[in-house]
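> Following the working numbering, the numbering of the sequence shown begins with 6 at its first residue and continues without gaps.
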Amino acid sequence: RQRHALCAERDQLRAQLIDSWCLLAAPRGQHQVLHPVFRHQVLRERAVPRLDRDQITTALQVFIGRISQRPPIYSALKQGGEPLYAKARRGEPIEVAEREVEVRSIELLEASGAELRLRVTCGSGTYIRSIVRDLGEALGCGAHVRSLRRLWVEPFDAPRMHTLDELTQVRQEQGEQALDGLLLRIEDALVLWPRITLDPQQALALGRGQTVQLDEGPALKDVSVVDASGRILGLGELGNDGILRAKRLF
């Protein structure tokens, strides 16, 4: 498993390594485009051309770096206070604006017939479905994701993952409380965030929703806030006037 580092500049992008199977064609060698509401209505069919690894690798280079990407309409992004997938299911016309995302690398692990296996290292907010969709268009045949697996998310670059069967076994053999021991700590997830430590009085004030006056300095949009013992209190925002405001308390 390859590991990549992102967020060295603290730009709040979170690296994630994703293993994806990409299907370039329907079983008979043609990619079918289905209407989002009438799902059994075939709108277009395109034959899959013969593609070698060099052609595919060249096509993938366009999707590496800071790229503009249009999220899929079947997504949880909200428009007018409602998820896009809800609008799509009703057959409403949807215009989704492009947004900038970061893709650090895309590896072509396997190419077998009309199926590709990709390994993608990217920042948060990147839609692999959009990369695969746009790759299919670049290759002239269309494509969709067959399976998707997240391998790690920064800062957990080598997490211990558990299957549902393993979790069920732990619960049966050790009881439900044993499952808590498998959870990752919130503090560990915020290890790359700037940290602010509060004394008891400041922690009490923040917990009541009040602002806390600290020393003036550079503004920090996202900080983790802990008490004197190192226990996480929540997330905050620090202004250059030294005022700390709570964004989310735990």
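C-beta atoms are modelled at their ideal positions from N, C-alpha and C, and glycine is treated no differently.
What you are looking at is a predicted structure, and each value in this text was computed from that prediction instead of being measured.
1) Does the separation of the CB atoms of Pro164 and Leu197 fall below 8 angstroms?
2) Tell me which same chain residues have a C-beta within less than 6 angstroms of the C-beta of Arg134, skipping the five on either side of it?
3) From which residue to which residue does the beta strand (DSSP E) around Leu153 run?
4) In angstroms, rounded to a whole number, what distance separates the CA positions of Ser110 and Tyr79?
5) With distances taken from CA atoms, which of Thr168, Leu254, Arg49 is nearest Cys146?
6) Going by the beta-carbon positions, is the gap between Glu112 and Gly128 smaller than 8 angstroms?
7) According to DSSP, is Gly212 part of a helix, a strand, or is it coil?
8) DSSP state of Pro88, grouped into three classes?
9) Per DSSP, what kind of secondary structure is Leu172 in: helix, strand or coil?
10) State the DSSP-derived secondary structure class of Glu142, mapped to helix, strand or coil.
11) May I ask you to verify whether the segment 211-224 touches the segment 233-247, counting CB pairs closer than 8 angstroms and requiring at least 3?
12) Go ahead and pull the three-state DSSP assignment for His40.
13) Using the C-alpha atoms, what's the distance from Gly130 back to Thr62?
14) Going by DSSP, what residues sit across from Gln74 in a beta bridge?
15) For Asp204, which three-state DSSP category applies?
16) With distances taken Cα to Cα, identify the nearest neighbour of Thr202 among Ala116, Pro88, Gly241, Ile136.
17) Shortest alpha-carbon distance to Phe68 belongs to which of Ala81, Ile237, Arg51, Glu142?
18) Would you kindly report the start and end of the unbroken beta strand (DSSP E) that includes Ile237?
19) Please tell me whether, using a cut-off of 7 angstroms, the distance from the CB of Arg138 to the nearest non-hydrogen atom of the ligand GTP is below it.
20) How far does the beta strand (DSSP E) with Ile248 in it reach, from first residue to last?
21) When DSSP builds the beta bridges, which residues end up paired with Phe81?
22) Count the other C-beta atoms from every protein chain shown that fall within 10 angstroms of the C-beta of Arg138, then say buried if there are 16 or more, exposed otherwise.
23) Name the residue from Glu87, Asp170, Glu192 whose alpha carbon lies nearest to the alpha carbon of Gly239.
24) Here's the rule: buried if 16 or more other CB atoms are within 10 angstroms of the residue's CB, otherwise exposed. What is Val47?
25) By the three-class DSSP mapping on this structure, what secondary structure does Leu187 have?
26) Please classify Leu121: is it buried, with 16 or more other beta-carbons within 10 angstroms of its beta-carbon, or exposed?
The structure says:
1) no
2) Taken in chain order, the residues that qualify are Pro77, Val150.
3) 149-158
4) 25 angstroms
5) Arg49
6) no
7) helix
8) Pro88 falls in the strand class under three-state DSSP.
9) helix
10) helix
11) yes
12) The pLDDT assigned to His40 is 44, lower than 50, so where the model puts this residue is not dependable; a value taken from the coordinates is nonetheless given after this. Coil, per DSSP.
13) 23 angstroms
14) Arg104, per the DSSP bridge assignment.
15) Residue state, collapsed to three classes: coil.
16) Considering only alpha carbons, the answer is Gly241.
17) Glu142
18) 237-243
19) Among the components of this structure there are no ligands whatsoever, and the ligand GTP is therefore not found.
20) Going by DSSP, Ile248 is part of the beta strand (DSSP E) stretching over 248-254.
21) For clarity, residue 81 is Ala in the given sequence; the question names Phe instead. Beta-bridge pairing links Ala81 to no other residue.
22) buried
23) Glu192
24) exposed
25) helix
26) By the 16-neighbour rule on beta-carbons within 10 angstroms, Leu121 is buried.
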